[in-house]
C-alpha cells in the first residue's frame, strides 16, 4: 500500500522519495506498509518498504526501507542525524521469467524487518563496512551459497541532509563463506570493490557461486590484504585460556580457531594494529612490538607484544593438538574443538 500521510508532516519520508525519484523517473514503486504500527504493538518496526524494478546492469529488484530514519516530525534530540541515521537497501537479481510487471519476492522484506528488530531492540546501528553471519542462507529454505551480509553505501543513493538530519543509504550485499573470509582478512569495502566487476551494483544473486573461484579476482583480493592488512580487530572464539609457568606463558586455543588466529595476526600486527581474542569470560590482545608496552597478564585479560620472529613461528602452528613455541616466553597449546548439536551431543571433533 502507498503511504497516505499529508506532504506537510512527512519530511523524512519525502526525503527518501526525493532521493529515489531521479533514479526511477516515472516508476510507481510497490510499497508494502505494516498493518499494525510498531508503536501500537505491531511486530514490524519499519513503517514500510518500497520495491523498484531495474533493467540495468542486469534485471533486479531494488528494496528500500522506511523507518530507520525519522519519517515524520523531528522527535530525537540528535539534530545531526535523522533517527538512526540510515535506511537499508537491497538489490536482488531477478529470477528467470520475472519481469517488471511481476511481484517482487517477499523474503527480502522479512530479512529487512528482522534487521530492524535487532536495531530497535538493541539500539546498535549498522555502518558502512559492517558485516554479519546470517547463520544459514540469507533466503531461508533455498540452496543459495550466500550466508553472510555486508553493509556498504548504496552506490546509486548518496548520503544527504534532510530536514530531520543526516541520512545515508546502506546496501545489504549477500556473500558466500569464502568471500566473507576474504573480508575478514582485508576489509568489506576492499573486497566488494574488487568483486564489483563480477557483481555490478553489488546485486545479490542467489544462484551464483563463489566469485573468488576466479583466479584474477582472488589474486586481487590477496594482494589487497597483504598491502593494507586486515580490518578485523577482534575475534570471538570459544576456547581461550592461559597458564603461567616459570618464564613461559601458554596460550590455549581450540583447534577450530587456530587457522583464523594465525592468518589474521600477521595481517594486523605487521600493519601496526592489535588483534583481540575474546571469549565469554576472557580477553587476550596481541599488540605490535614498538608500542612501548610490556606483556601484562591478569586473571581475565592479557596484553602481549608479538615480534616478527613470533609471527614467522605461526607458520608452524597446526590445527592439531600439541604445544607450539612462538617465542622463548610464549607458546600456544592447541586442544580439540568439539562441535555439538542442539542437545549438546558431540557430532564432530576437530584436532
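In the working numbering, the protein residues as written are 2 to 352.
Idealized CB from N, CA, C, for every residue including glycine.
Three-state secondary structure (DSSP) of residue i
{"i": "residue 66", "result": "strand"}
{"i": "residue 202", "result": "helix"}
{"i": "residue 6", "result": "At residue 6, the pLDDT of 44 sits below 50, so the modelled position is not reliable; the number obtained from the coordinates is stated separately. Reduced to three states, the DSSP call for residue 6 is coil."}
{"i": "residue 297", "result": "strand"}
{"i": "residue 215", "result": "coil"}
{"i": "residue 127", "result": "coil"}
{"i": "residue 267", "result": "helix"}
{"i": "residue 184", "result": "helix"}
{"i": "residue 277", "result": "strand"}
{"i": "residue 261", "result": "helix"}
{"i": "residue 226", "result": "helix"}
{"i": "residue 139", "result": "coil"}
{"i": "residue 329", "result": "coil"}
{"i": "residue 17", "result": "helix"}
{"i": "residue 171", "result": "strand"}
{"i": "residue 338", "result": "strand"}
{"i": "residue 249", "result": "strand"}
{"i": "residue 42", "result": "coil"}
{"i": "residue 31", "result": "strand"}
{"i": "residue 194", "result": "helix"}
{"i": "residue 220", "result": "helix"}
{"i": "residue 282", "result": "coil"}
{"i": "residue 160", "result": "coil"}
{"i": "residue 306", "result": "strand"}
{"i": "residue 315", "result": "helix"}
{"i": "residue 351", "result": "strand"}
{"i": "residue 256", "result": "helix"}
{"i": "residue 155", "result": "coil"}
With 16 other Cβ atoms within 10 Å as the buried cut-off, status of residue i
{"i": "residue 237", "result": "exposed"}
{"i": "residue 181", "result": "buried"}
{"i": "residue 299", "result": "exposed"}
{"i": "residue 71", "result": "buried"}
{"i": "residue 258", "result": "buried"}
{"i": "residue 302", "result": "exposed"}
{"i": "residue 123", "result": "exposed"}
{"i": "residue 212", "result": "buried"}
{"i": "residue 214", "result": "exposed"}
{"i": "residue 141", "result": "exposed"}
{"i": "residue 241", "result": "buried"}
{"i": "residue 210", "result": "exposed"}
{"i": "residue 105", "result": "buried"}
{"i": "residue 78", "result": "exposed"}
{"i": "residue 252", "result": "buried"}
{"i": "residue 73", "result": "exposed"}
{"i": "residue 98", "result": "exposed"}
{"i": "residue 198", "result": "exposed"}
{"i": "residue 183", "result": "buried"}
{"i": "residue 165", "result": "buried"}
{"i": "residue 222", "result": "buried"}
{"i": "residue 150", "result": "buried"}
{"i": "residue 144", "result": "exposed"}
{"i": "residue 52", "result": "buried"}
{"i": "residue 17", "result": "buried"}
{"i": "residue 317", "result": "exposed"}
{"i": "residue 42", "result": "exposed"}
Whole-angstrom C-beta distance between residue j and residue i, which should lie under 8 Å
{"i": "residue 250", "j": "residue 330", "result": "6 Å"}
{"i": "residue 193", "j": "residue 175", "result": "That pair is no contact at about 11 Å."}
{"i": "residue 139", "j": "residue 190", "result": "No, residue 139 and residue 190 are not in contact; Cβ-Cβ is about 20 Å, not under 8 Å."}
{"i": "residue 40", "j": "residue 113", "result": "Their Cβ separation, rounded to whole angstroms, is 18 Å, which puts residue 40 and residue 113 out of contact at 8 Å."}
{"i": "residue 256", "j": "residue 338", "result": "5 Å"}
{"i": "residue 35", "j": "residue 13", "result": "Their Cβ separation, rounded to whole angstroms, is 16 Å, which puts residue 35 and residue 13 out of contact at 8 Å."}
{"i": "residue 333", "j": "residue 254", "result": "6 Å"}
{"i": "residue 109", "j": "residue 64", "result": "5 Å"}
{"i": "residue 69", "j": "residue 117", "result": "7 Å"}
Legend entry - the segment 253-272 / the segment 304-322 touching (three or more Cβ pairs under 8 Å): yes
Legend entry - Cβ contact (3+ pairs, closer than 8 Å) linking the segment 82-101 and the segment 47-62: yes
Inset, instruction - Give, in chain order, every unbroken run of the beta strand (DSSP E) that is at least 3 residues long and sits entirely within the segment 65-121. - result: 82-94
Inset, instruction - Evaluate contact between the segment 9-29 and the segment 156-168, counting only Cβ atoms and requiring at least three cross-stretch pairs below 8 Å. - result: yes
Inset, instruction - Mind the definition here: the segment 75-92 touches the segment 119-135 only if three or more C-beta pairs lie below 8 Å; say whether that holds. - result: yes
Inset, instruction - Say whether the segment 226-237 touches the segment 269-288, bearing in mind that this needs 3 or more beta-carbon pairs closer than 8 Å, one atom from each stretch. - result: yes
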